[in-house]
Structures are given as C-alpha cells and as structure tokens.
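One structure is given below, encoded as structure tokens.
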Amino acid sequence: MFSKLLVLLFFVFEYAKTQDANCDFRQDVEVGQTYYVYNPGYSSNYEPGVQCRWIGRCPDGYRCKLYCSEVSLPESPSCSLDRLLISKSGDPQLSAAEHYCGRGFMTVVSTGQTISVGLITSNNSPGGKFLCELTAERAGTSPNNRTCRCGYKKQTRIVGGEETAVNEYPMMVALVHSRTAEMECGGVIIDKRYVLTAAHCLDGQQISNLAVVVGEHNVDTGDSPATRGYIIMDVIIHPQYSSSSYTNDIAIVVLDQDIEFGPLVGPVCLPFKFADDDMAGDTVTVLGWGTLFIGGPVSKVLRQADLDVISQEQCQAKYQALDSSQICTYTPGKDACQLDSGGPLLYTDPATGLLFNVGVVSQGRLCASRGEPGVNTRVTEYLSWIINNTPEADYYVMGKGLLCSKFNKVIISKMYIKKSMFMFLFFLLESLAQDPNCDFTQNVQPGQTYYVYSPRYPSNYPPGVQCRWIGICPNGYRCRLYCSDISIPQTPSCTMDRLLISRSGDPQLIEADYYCGRGTVTALSTGQRISVGLISSYTSPGGRFMCELTAQPGSPPDQCSCGYKKQMRIVGGVETDVNEFPMMVGLVDRNVGQIHCGAVIIDKRYVLTAAHCVENQNVADLAVVVGLHDVDSNVSPATKAFRVTRINIHPGYSSARYSNDIAILTTQEDIQFGPLVGPACLPFKFVSTDMTGTRLTVLGWGTLFPGGPVSNVLRKVDLDVMSQNQCQAKVPLLTPQQICTYTPGKDACQDDSGGPLLYTDLATGLLFNIGIVSYGRFCASQGEPGINTRVSAYLTWILNNTPGANYCRK
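Quick note, the sequence shown lines up with residues 213 to 1022 if you use the working numbering.
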C-alpha cells in the first residue's frame, strides 16, 4: 500500500543493501573528463533487490550531461518492477525523477549543476543492466550541439492499457472550441510555433473560435501541471485539400507565441528517414480524446491504440480512390474514432526509441468496423510543403536525414493544478464581458490605493461574467491585495462562481487560488505582479467583491509567512483537497514504511508532534514526509521526505496520563517552503483565550473507526472546543495544558495522533496550530471528548528549544 513512501524513504535513509561500492556515490565532475555510471556487476545483469544512487555535481557555469548508451531493464506497467530514475534537478531523493524501463538509449542534461540517478530493482527481478557516461558541458550550450530533441516520451507507460499515462506523449495537442471548451480534434507539435492536424478539422472554422491546448490528459480534473493553452494566429490548409475525397487532408496551425518545451511537452520527429518506406506491416500508435464507439460519448482522458499499417494494395481493395499520399491502418476491434481526427499516427523507431509522425488521422467509414481500414494522411508526402510553410521553424538534420525541431527551453512546473477547461480557455482568449474593467492592467504606484471590484459593484454581478485584472508594482515592491468584501455563491470546489488570485501574477491564472463564499482575503504577490480573475456561471444568482491594491516594499516571501492554505476547498467533504493544508506532515518509521502519526511544520527545521508518537523511537529510523496527500498514488509533486536528526520530548511528559504530550523534531535539512508546503502559525495571539466554542480542524491519515483500516488520503474533520469544566466532568485528571474537542459522530482516531488542531483566524484567514491530537477513549464515541495538548501553554518551551527559528507573531 505504501510503495510510494517506501521508494521515497529509501533515498532519505540511504540504506541500500547491495555490496557494490558504487551504490551510493557522489562525483565532482571535472570539465573534459568522462565518468561512468553503471549497474552493479556490469556488463552482466544486476541482481534482484538492488537499490543504488549516483549524484554528479558539475562546476559553476556548467551543466551535467548524462548519455546512457545502453539501457536494458525489464519492461513493466509504470516501470513498477525495475526502474532507472533520473532527476535533472539533482534531487537527492529522486522524488521528481523520470522513470525508465525497457530497452533503448537516452541523453539527459541537468537543469542546474547537479544530476541524480537511481536504480531500484524488485526482489524477484530477472535482472537487467545499463551504462551511462557523465560529463560536464558549459551552461547555455546550444541544443543544436546536443542530441536531436524530438519524439521523446515519458517512459512510465501503462503497458497494454488503453488510457495513456499522464503526459506519456508530450507531442499530443487538442484543438478546442474556445466558447464551449469542447475538444474538436487532435493535433501534434512539430515545432515551438507549429502544430500539424487534419485540414477537415479547420475547414470552415473561425480561427477566433479555436485554441491549441498542450500537455493535457484528463479534461475534467486537469491532472497534468504541463497543461497550457495557446491562441491560434493563422491556419494553413493544403491548397489541394478536397473535402469530398479527403485527399491532401493536412493543415498547419500557427500559434501566436512559442510553446514552452520540457519533459512533458515537446515536438514529434518528422519522418524524413522513412520517406522511402511505405510502413506496411509496421505498428503505429494513434492517440485521441475521441468517442469510444460510433455515436458514443467522448473520452475524458487521452487514449491510445496500436494499429497495424496495411499495404496500399490491401487498402485500395476497400477504397478505390486511395492515392499514394494516404496511409491505411487496420487491426480488428481497434481504430481511431469520432473526434480523434487530426491526431498523429506515431511510429516508434526501434533503433532510437523516438516517435515519428508518419500519419494524420483523416477518415474511416465506421469506428473499428470489421474489415474497414482507417485512412490517414501520409506525412512523408508533405515534408517539402511543411518546410516551405513553417518559415520560423528551426529544423536541423541528424543521422540519416532525420529532421527534428530544435529543443529550446526546459520548464518543469511543480504545482498541482485542478482546473476546468472553460476557465482555462477564457484567460487564454479575449474576455466577453462588456464591463470595461473586465480586462485591465494597472501600474501600481507606491502610496496610491487602487480598487479592484466586480462589475456593477456594490450591486451583484450578472451571470456569465469573465474578468481579469493584473497589477504591476515597481522594482523593489510587491503587490498587496486586501479584499474586504467577498460574497460569492459557495459551491463544492467553487465550481459555480469563483474569485481567482495568482500571487505569481500568472496572466492565465493557472496556478491561482480559488475563493468562494463570504469573508475577507489578504494576498501578497511573490514578485512584482498579481493577477485577479472572476468567473461566474450562466446560472449564477450573482455575488460581489471589492479589493484594495497597493504596493509595499519588497521583502523575502518567507520572512514571515505562516498559516496559509490552498483555497479551493472541497466544502463539506471529508477528504482534503491535494495540499490544501501545506503545514501537515506524516511521521514514518522506515522499518514499517507507513505513516504512524501526524505532525505540523512550525519552521524550516522544526516539526511539532505528540510525545507519545516518538517515545522509544530510534531517531535514525524516523522521517517526516511533507506535501503528501495520497500515500498510494502520490498525486502531489510537493511530496518530499526529510530525515530527523533530533527528537526533543517535553521533560514533563507522562506516558501514563498523557500530560505534556508534546515533542519537537529537528530535520536534517531545511524544508523548502512554497505554495504547497509551509508552516502553521503559532498561537501567540490566542495565549489568553481558552477557545471554548470555537471550531478547529483536525487532519490525519488515521483509521476511520477503531481497529479499522487507515486512510490512504489525508482527511479532515471540524470539531468544537469544549469548556474545561465540561471536559473535566468526563476526564477528572484534565490539566490546563490540555484542550478538549467534541462533536457528535466526529473525532480524531487511531494514527491521527500528533496531528494539528487548526483554527482559522476570522480576521486574516490564517491557520493557527491551537492543539496537538493526544488521546481519546474511543473514536467518535457518544459523549467522549478528544483530549489534545494545548499549544499556547508551551510557546516558551518551543521558543527555547528551536534555535534559529523565525516565527510570525501574527
């Protein structure tokens, strides 16, 4: 169940049991030297149960280049059996690494000065091997001087499945109607400004009604951080296209700006090396979000099907008008279908493992009908036309006539985004709202106050509003947005109406926090820009908001920042949104490999938990995991584990009475703060308040009932604080240093211990750590309160035992 944690913990504790001395190896890479990274026992196969890591560090001004000339690992679904892991960022835990299995070779260049490589093999592995060369190359080296970068794919493929892995095919795009957000057709990236598709997808269409979306997988959940939309500037339909015969069914889409390439988005290879090959007998992969059967519903996720190319003669027996510019596919029970049109037919070159775009899905009589082939446009017949109509493309030749797009820029987004396609496309395209404030950019002058408010304020805005405001502050300043009046209809995930605020100033508001309901919000930009958006549904009853925008002198974003949360809350739900509570961590014993207690971040090096969670615990076996949500699927890119170097249990702790049940853990290195990971506020402002009658939120991966299974996802429950007198009637030994909670049918439970009790300050919206889950007689038993450690009683002890910490006194 906790396989993701086990992988994470291995690289934290460095406890590889292989005998090879290279299995935890660090190398300073000198310029002009070549170093070798290879499996234990190379050139023979490695043994089962191997766990290895190599870290290379290059000099200032250089990047590390890893060229793996031989990779031969057993192929398995999601590379779950054996895997080669490569982190271009040099992450020593390899938590953001790409996974590789199967046969082939690859070239990887680090994004900074460090690169990390890992090898994990199962205990029943049949064995495999790999060999890589590690060198230093000067940063800024033109990609033209490196390996041709096209046709690459994410290697954790769901083998034999129909749904693709997320971003398995970086070259795949969708043509989307900008007003309805419906998928119209597929397409494929051939260069940073150009997309190839079928002519019939664009025939008769208005350019202003279409957009190109890259990096997409699930159109409902937006499970890829690479998803982005681009405005279409022009379309070039082949001049000989015939809508009646579907001949010359090919078109080029020209974008208004460059596509940003990276591991999850990039171009396909054009098939110059296969210009003389009719591909008959080869297998190609077709991709799309089309219907699963004729007239059926469209797919929410990108799907793949492997099809066989049939000879021209075989196909001509079915389609007498077939010509040499078309290529046919047929596999019984498989085919492209409605709305898959325009997508690529991808051929995997066995020599390189790269993907070549040999066809564009064009037509077929019926989806996967018996004996009916699919007819597609043969791309090799149009290479000259493509080159002549892509003047800004930067092609170059490598090997046997291989042309591919120049690989430009590596951008890895670490934010997990959940969005609707409609919201995404609105900010890509022009606003439809009539209010003149609904697409507004303001240069913010120090000492001035600017107002951002909904259309018709102070009256309610109308249905169907789509607005955007961007504030730009001077150098040395950050933008501060204070929203004193927010009254927006509250819905689960803020799906009906939403106020969006991007502290990074993203004009597309992709990484924005969502707000709905009633209250106030204060947001400070991370840089010089802040972006605000408003979207209301066409059935909205209306709402309003008003904010003040000012410039304040810049200071480090983390100088005093605590208690923030991701704001797209699942209202009334039990499961938290992914990374909704950035301060929550899990305690893990590496020998067990599962979360046994919760805890809360209070500073970059310090975590607060219950003493009973760590008494008799060997510090060498303990880790804290931050940014975690689902322990099975690890859906958050913020997940990272940290070793614990010190356990500081309160000297007055009593295991018999659970008094002074509090402890501080010190991590080996700083926890990196960001939108998805950060500290709770300590309750300095609530020292003189007993909190009776207030509502606190408890978090945990604990059991749902006594003796029941633990939860694989982080869950939350809101509990009411009882008065000390009420609680003492149930628990006579209660001390003033404890705080009681009780709500009928709700409670913390087993393995929730050590987690925080969070209070949302009504004045600021910040989360304060009021308590630590300690004990209770039974989970959610009638009349039985939960007993927790009152954090405000231990603030002096915390300050004295966390040297170097920087706490906010908010």
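All C-beta atoms in this analysis are idealised placements derived from N, C-alpha and C, irrespective of residue type, glycine included.
Query	Result
C-beta atoms of L908 and A811 nearer than 8 angstroms	no
In DSSP terms, what V797 is bridged to	A811, V838
Residue nearest to V664 in terms of C-alpha spacing, selected from V733, Q936, L534, Y442	V733
Three-way DSSP call (helix, strand, coil) for L1011 in this model	helix
Reduced DSSP category for K277 - H, G, I as helix; E, B as strand; rest coil	strand
Burial state of Q771, where buried means 16 or more other Cβ atoms lie within 10 Å	Note that Q771 scores a pLDDT of 48, beneath 50, so its modelled location is shaky; the value from the coordinates is reported in the next line. Q771 should be labelled exposed.
Beta carbon of A822 nearer than 8 angstroms to that of I883	no
Nearest to S666 (by Cα), restricted to the options R756, Q740, S749	R756
Bridge partners - Q325, DSSP secondary structure assignment	In DSSP, Q325 forms no bridge with anything.
Buried or exposed by the 16-neighbour rule on C-beta atoms within 10 Å, applied to R238	exposed
For C728 and R715, believed in contact at Cβ under 8 angstroms, the rounded distance	In fact, because the Cβ distance is near 18 angstroms, the residues do not count as touching under 8 angstroms.
Beta-carbon gap between K562 and I522 smaller than 8 angstroms	One point to set straight first is that residue 562 is Pro, not Lys, in the sequence displayed. Not a contact, by the Cβ cut-off of 8 angstroms.
Burial state of D964, where buried means 16 or more other Cβ atoms lie within 10 Å	buried
Coil, strand or helix - F473 by DSSP	coil
Outcome for E310 when other beta-carbon atoms lying within 10 angstroms are tallied against a minimum of 16	buried
Residue burial classification, Q720 (beta-carbon count within 10 angstroms, cutoff 16)	buried
Residue closest to Q524, alpha-carbon to alpha-carbon, out of C291, Y254, M491	M491
Contact between the stretch 1008-1015 and the stretch 938-953 (3+ Cβ pairs under 8 angstroms)	no
Span of the beta strand (DSSP E) around S299	295-299
Closer than 7 angstroms: L721 CB and nearest the ligand MG heavy atom	Ligands displayed in this structure: none; no statement on the ligand MG is therefore possible.
Nearest to L422 (by Cα), restricted to the options H429, T439, G398	G398
Pair within 8 angstroms by beta-carbon distance, D697 and I713	no
Euclidean distance between Cα positions of Y673 and Y750	11 angstroms
A386 to V400 span [Cα, whole Å]	8 angstroms
Strand pairing of R348, partner residues [DSSP]	Looking at the sequence itself, residue 348 is Ala, so the reference to Arg does not match. The partner list for A348 (beta bridge, DSSP) reads C276.
S596 versus N791 - alpha carbon distance	49 angstroms
Reduced DSSP secondary structure (H/G/I, E/B, other) of N828	coil
Reduced DSSP category for N336 - H, G, I as helix; E, B as strand; rest coil	coil
Helix, strand or coil at V1003 [DSSP, three-state]	helix
Buried versus exposed call for D403 [16 or more other C-beta atoms within 10 Å across all chains shown]	buried
C-beta atoms of G798 and L840 nearer than 8 angstroms	yes
Where the beta strand (DSSP E) through L911 begins and ends	907-912
Proximity below 8 angstroms, CB of M934 to CB of P997	yes
Local conformation of N600 per DSSP, three classes	helix
Segment contact flag, the stretch 528-544 with the stretch 320-327, C-beta cutoff 8 angstroms, min 3 pairs	no
Reference A438, options N430, N830, F568, closest by Cα	N430
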